[in-house]
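Note sheet for the following structure.
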Amino acid sequence: MNFKECLKIGKYYENKSIFILHNHGFKDVILDNSYNSYYDISALYKHKIVYIEVKYNSLTDKTHKIFLECLKYDKYNNINISGLSITRAKYYIFFSNTKYYIIKTLRVKKILEKTIRKQYKKLGLNKPSQEDLIKYIEHKGIRTKNTIGILINVEDVKKHSIYYGLIINKIFNN
């Protein structure tokens with residue numbers, strides 16, 4: 001899939017988020033149409049301005065996993081922190097083809113850490129440091145064209161979501 005197609009799909013789910021967020025008590029929802037690596041949407045929630053990151057994965061319904069971007073390659077092929085590591089979003093809204101999950105970013109980070117710690121335990125290692133977690137992602141994470149990330153279980157996300165539901169009237173064809 002090329003960049004334009006990815007952008008089109010991303011914009012579709014960002015726009016769909018506005019309606020869903022309104023239905024869950026988020027007010028004054030504003031989509032940031034400029035490129036912003038820290039969040040996609042700002043809103044008023046429980047009398048505070050919050051930022052929301054929107055993510056879509058076409059394979060989630062099939063794999064029951066969500067891909068979390070953690071590291072990114074720059075133009076010199078150096079690895080830098082990105083995605084979940086640098087977001088200013090207080091909430092994430094994850095989309096599959098049929099469902100959505102709204103979850104606090106801190107919960108997403110805890111799920112990621114727990115997922116990696118489980119892998120460490122399987123290797124007979126205990127209590128990895130934050131540096132060890134980053135090294136694990138760098139060496140064991142899933143590499144895409146320009147990012148590295150970790151898969152987390154959708155059931156863990158659902159269990160810790162503040163809201164989740166079915167997507168109704170999907171009009172976008174992948």
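FYI, the working numbering numbers position 55 of the sequence shown as 55, with every residue one higher than the one before it.
Virtual Cβ for every residue (Gly too), placed ideally from N, Cα, C.
These numbers come from a predicted model, not from an experiment.
Beta bridge counterpart(s) of residue i as assigned by DSSP
| i | result |
| --- | --- |
| Gly149 | Glu69, Ile142 |
| Glu131 | Its beta-bridge partners do not exist; DSSP assigns none. |
| Tyr101 | Phe94, Tyr164 |
| Lys55 | Phe94 |
Pairwise C-alpha distance: residue j and residue i
| i | j | result |
| --- | --- | --- |
| His160 | His24 | 16 Å |
| Asn15 | Tyr92 | 14 Å |
| Ile168 | Asn126 | 44 Å |
| Asn33 | Leu7 | 11 Å |
| Leu133 | Ile103 | 22 Å |
| Thr63 | Lys75 | 31 Å |
Residue i, buried or exposed, once every other Cβ within 10 Å from all chains shown has been counted against 16
| i | result |
| --- | --- |
| Phe95 | buried |
| Tyr35 | exposed |
Residue i - DSSP class collapsed to helix/strand/coil
| i | result |
| --- | --- |
| Ser82 | coil |
| Asp188 | Nothing in the structure corresponds to residue 188, since the chain is present only between 1 and 174. |
| Leu263 | The chain is shown from 1 up to 174; residue 263 falls before or after that span and cannot be answered. |
Residue closest to residue i, alpha-carbon to alpha-carbon, out of the options
| i | options | result |
| --- | --- | --- |
| Ser37 | Asp61, Ala43, Val54, Glu155 | Val54 |
| Lys72 | Asp61, Leu123, Leu84, Lys110 | Leu84 |
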